[in-house]
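Novice: Here it is, the structure, as structure tokens.
Protein chains: 2
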Amino acid sequence: MKSTITDVAKQAGVSMKTVSRVLNNEPNVAKKTRDRVLAVAKELRYTPNLAARGLASSKSYLLALLYDNPSPNYIANIQKGAIDACRDSGYHLVIEPLNMNAANRGDALELRLERLPVDGIILTPPLCDDVDLLDILTRLKIPYVPVAPSREPEDVTSVKMDDVQASFEMTEYMIRNGHKRLGFIKGHPEHSASTLRYLGFVKAVEAAGLEVDLDAVVDGDFSFKSGVVAAERLLSAEQRPTAIFASNDDMAAAVVSVASRLGISVPGELSVGGFDDTPLAQILYPQLTTIKQPIYEMGHMAASLLIKPPKAEERLPSYCLDHKLIIRDSTQKSE
Amino acid sequence: MKSTITDVAKQAGVSMKTVSRVLNNEPNVAKKTRDRVLAVAKELRYTPNLAARGLASSKSYLLALLYDNPSPNYIANIQKGAIDACRDSGYHLVIEPLNMNAANRGDALELRLERLPVDGIILTPPLCDDVDLLDILTRLKIPYVPVAPSREPEDVTSVKMDDVQASFEMTEYMIRNGHKRLGFIKGHPEHSASTLRYLGFVKAVEAAGLEVDLDAVVDGDFSFKSGVVAAERLLSAEQRPTAIFASNDDMAAAVVSVASRLGISVPGELSVGGFDDTPLAQILYPQLTTIKQPIYEMGHMAASLLIKPPKAEERLPSYCLDHKLIIRDSTQKSE
DNA sequence: GATGAAAATGACAGCGCTGTCAATTACACC
DNA sequence: GGTGTAATTGACAGCGCTGTCATTTTCATC
């Protein structure tokens, strides 16, 4: 019923090995032969048997995405990118949520990883900064690519985005729109992105020859709730900001919500900028101006790097992918 | 380095086949032998080679989750459930997003499915109602389990929840809290859940001896935006409802938002109920009373059914899993 | 046309496991 | 102890493919 390499070989009048060469894009096959084999394979609707392939070549044609991240949206996008990269190369993606509490560490973790029959692993934050995990992976000699790690490990290629630059652009955009009293809501203090985003904000303010008003920089922790507290503080100030840049969309949403409660119109009297471009950004009214992280692209790149690792001499320590400032309805010119 | 079945067999002084029996929990192995083999396997840190296993048994120990669904949250939960079910049985889950536009149908789709080296497929809405897809799967003899299908296919076991009952409970809860003027916002007319949820609402109202006020039943399409329109209509009525039940959380969030804008306090003057228990429900202030679908559980059950199909005589046409009414802060007693 | 090197092809073993079926052992019973 | 049945164990082939290495073909060059 289901055709094998042998069937194709017979039909095309060549050896199994030649068929194998064609299917794996190996060199040293005459064009004529290649075309014939390809034609027969198509005709017979041949599909390679992954298990057999894997057994013979001691590869699995499987990549794993490891995560321990509460944001389904982030994961879904990484996932989509990785899968699309896999598709063209005959790879598949298996998903492994990892709960990194104490009980799951040490030997249990190592065992679990050993059991994972994959050719490479994509690590999302915060796993990509977990020293234990990285150690085990290195020991097990499983190739991995960290996505947006806080510190880039040596000898390993990672993919990331430029948080500082993205934050810089959002701030610059607000300033270009005539805003001078800028508020900023910081992210979770233990998250490295928080620092970077704040840094970009500061850089942009200073680059414009303005001064950072430290009273208008308040702490947050990425949660909607912390955004509410921060917004109340910012908006009840004597000289309230004309624009607030929150370190993520949830907190930006909180700003919009508080403003609406206080009767401050957005964007009329207050511009609000977020970060992440989560679905929330478009659900909200007005829709949020925000930064779209290249999440899909990072997933895609990470998988590609695992499937076809660059040669040692071409290896970059990291690939930085482009974000995008998405201007929607929550920001406008200062009046 | 990595140990094989042969190593274990030698060390334990039995044949490979016996080791294989033990590892696969086959019957007819003496307890003594079983224990010894297990001990040796553990000592040697033996992990079965999936590819070899698959090749020999023509199984892949892989399940696929197919989706074409915009809600990352839904997918993430199904996924988590399925993976947890896989874990204990040595299975892994591969994820396959499917874009069901015209170009990807027909032969391309069939080819793609043929290439998927899996033992079974979990279908999420709306894929589980796609006749083309179901046809191909049947033809290819790939077992599948639809999650929450609109119409239950014959000869196939599906998993689902009881939308009518869930909706009934939410409504009943509101009525029990003294609410008599109830508003309802419908979901997308082409989504079967919309009908069911409305049905549950009507049943509960009538069961309480009240009458459905058709002026307080307005159309929506599950989007926040449609919720805004619906809420404005409901809340500007002469006799506005004291409680509004929206067919999903996004629309419930819209109700809360509109109420806040109109200066109507929630839950003081207006109770709001949602459906789905999305992250939004907890992000919001006040947090939403809503229905938690057994999404994780459905994923878990679907995978379990694929891994260990019930015998023909024990087969149920469908497994209905329990939802939960989650009472938070957006509802209270009518004053 | 002879020569040699490179390109193209093929024969064959074996990856690690399980299915089949045969062989051995255990055990109840007379 | 002998017999029969069931429980337990093992020998062996082979799943479909690729790696290795040997062989054949091609073709530029003299």
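Chains A and B, in that order, are what the protein sequence lines are. Note that the numbering used here has the first sequence beginning at 1, numbered continuously upward. Note that the numbering used here has the second sequence beginning at 1001, numbered continuously upward. Glycine included, each C-beta is placed from N, C-alpha and C at the ideal position.
(1) I need the boundaries of the alpha helix (DSSP H) containing E1110(B), first residue and last residue.
(2) If I measure Cβ to Cβ from K1292(B) and keep anything under 7 Å in the same chain, skipping five residues before and after, which residues do I get?
(3) Leaving aside the five residues before and after Q11(A) along the sequence, list all residues of the same chain whose C-beta is less than 7 Å from its C-beta, in chain order.
(4) Excluding the five sequence neighbours on either side, which residues of its own chain have a C-beta within less than 6 Å of the C-beta of V1164(B), listed in chain order?
(5) Using a Cβ-Cβ cut-off of 8 Å (strictly less than) and excluding sequence neighbours within five positions of C86(A), which residues of its own chain qualify?
(6) L113(A) touches chain B at which residues, Cβ-Cβ below 7 Å?
(7) At a CB-CB cut-off below 8 Å, which residues of chain B make contact with L93(A)?
(8) Considering L325(A), what are the terminal residues of the beta strand (DSSP E) in which it resides?
(9) Going along the segment 1058-1081 of chain B in order, which residues come within less than 7 Å of chain A, judged by CB to CB distance?
(10) Whole alpha helix (DSSP H) runs in the segment 1207-1239 of chain B with 4 or more residues, listed along the chain?
(11) Which term fits S983(B), buried or exposed, when burial requires 16 or more other beta carbons within 10 angstroms of its beta carbon?
(12) Evaluate R151(A) with the Cβ neighbour count: other Cβ atoms within 10 Å of its Cβ, from every protein chain shown; 16 or more gives buried, anything less gives exposed.
(13) Check whether the Cβ of Y296(A) lies closer than 9 Å to any Cβ atom in chain B.
(14) Just reading off the beta strand (DSSP E) that I1283(B) is part of, what are its end residues?
(15) Does the beta carbon of V1266(B) come closer than 9 Å to any beta carbon on chain A?
(16) State the Cα-Cα distance for the pair Q239(A) and Q282(A), rounded to the nearest angstrom.
(17) Which same chain residues, not among the five before or five after A1230(B), have their C-beta less than 6 Å away from its C-beta?
(18) Specify the secondary structure class of H92(A) as computed by DSSP and reduced to three states.
(19) Which residue's Cα is closest to the Cα of A1254(B): L1280(B), F1224(B), G1263(B), S1265(B)?
(20) Mapping DSSP to helix, strand and coil, what is S1192(B)?
(21) Excluding the 5 residues preceding and the 5 following S1257(B) in the sequence, name in chain order all residues of the same chain whose CB lies nearer than 6 Å to its CB.
(22) Taking the alpha-carbon positions, what's the I75(A) to V1014(B) distance?
(23) Suppose you measure from the CA of F275(A) to the CA of R1261(B); what does that come to, to the nearest Å?
(24) Quick one: Cα of N1099(B) to Cα of L98(A), how far?
(25) Could you check which residue in S89(A), G273(A), T124(A), H179(A) has the C-alpha nearest to that of K160(A)?
(26) Can you check which of these residues, S1247(B), D1132(B), T1171(B), is closest to H1188(B) by C-alpha distance?
(27) Using only CA atoms, which one of L1111(B), R1115(B), G1120(B), P1048(B) lies nearest to G1090(B)?
(28) Taking 8 Å as the threshold, find out whether the segment 1118-1136 of chain B comes into contact with the segment 1050-1063 of chain B through three or more Cβ pairs.
(29) Is any beta-carbon of chain B found at less than 9 Å from that of R151(A)?
(30) Which partner residues does M1161(B) have in the DSSP bridge list?
(31) Considering only the alpha carbon of each residue, which of D1250(B), D1249(B), Y1285(B) lies closest to V1266(B)?
(32) Do you know whose CA, among Y46(A), L134(A), D84(A), lies nearest G106(A)'s CA?
(33) Identify, in the order they occur along the chain, each residue of the same chain with its Cβ nearer than 6 Å to the Cβ of L137(A), setting aside the five sequence neighbours on each side.
(34) Can you have a look at R1053(B) and say buried or exposed, based on whether 16 or more other CB atoms are within 10 angstroms of its CB?
(35) In whole angstroms, what is the alpha-carbon distance linking K1002(B) and R1139(B)?
(36) So with Cβ pairs under 9 Å, would you call L1325(B) a contact of chain A?
Specialist: In brief:
(1) Taken as a continuous stretch (DSSP letters only), the alpha helix (DSSP H) holding E1110(B) covers 1106-1114.
(2) Cβ-Cβ distances below 7 Å link K1292(B) to D1277, H1323, K1324, I1326 in the same chain, with the five nearest sequence neighbours on each side left out; the list follows chain order.
(3) V40, L44
(4) Correct list, in chain order: L1196, L1199, G1200.
(5) L63, H92, L93, A303, I307
(6) For L113(A), none of the residues of chain B pass the 7 Å Cβ criterion, the least Cβ distance being about 10 Å.
(7) V1094, I1095
(8) 324-326
(9) S1060, P1072, N1073, I1075, A1076, Q1079, K1080
(10) Every alpha helix (DSSP H) stretch that sits fully inside the segment 1207-1239 of chain B and reaches 4 residues is listed by chain position as 1224-1235.
(11) The structure shown does not extend to residue 983(B), since chain B spans only 1001 to 1335, so no value can be given for it.
(12) Exposed: under 16 other Cβ atoms inside 10 Å.
(13) So no, Y296(A) is outside the interface.
(14) Here I1283(B) belongs to no beta strand (DSSP E); instead the alpha helix (DSSP H) covers 1280-1283.
(15) no
(16) 29 Å
(17) I1185, V1218, G1220
(18) strand
(19) F1224(B)
(20) helix
(21) none
(22) 46 Å
(23) 25 Å
(24) 28 Å
(25) T124(A)
(26) S1247(B)
(27) Comparing Cα-Cα distances from G1090(B) to each of L1111(B), R1115(B), G1120(B), P1048(B), the minimum goes to P1048(B).
(28) Here the segment 1118-1136 of chain B lies against the segment 1050-1063 of chain B, with 3 or more beta-carbon pairs under 8 Å apart.
(29) no
(30) L1321(B)
(31) Ranked by Cα distance from V1266(B), the options D1250(B), D1249(B), Y1285(B) are led by Y1285(B).
(32) L134(A)
(33) Y144
(34) A buried status is given to R1053(B), since no fewer than 16 other beta-carbon atoms sit within 10 Å of its beta-carbon.
(35) 40 Å
(36) Taking 9 Å as the CB threshold, L1325(B) stays off the interface with chain A.
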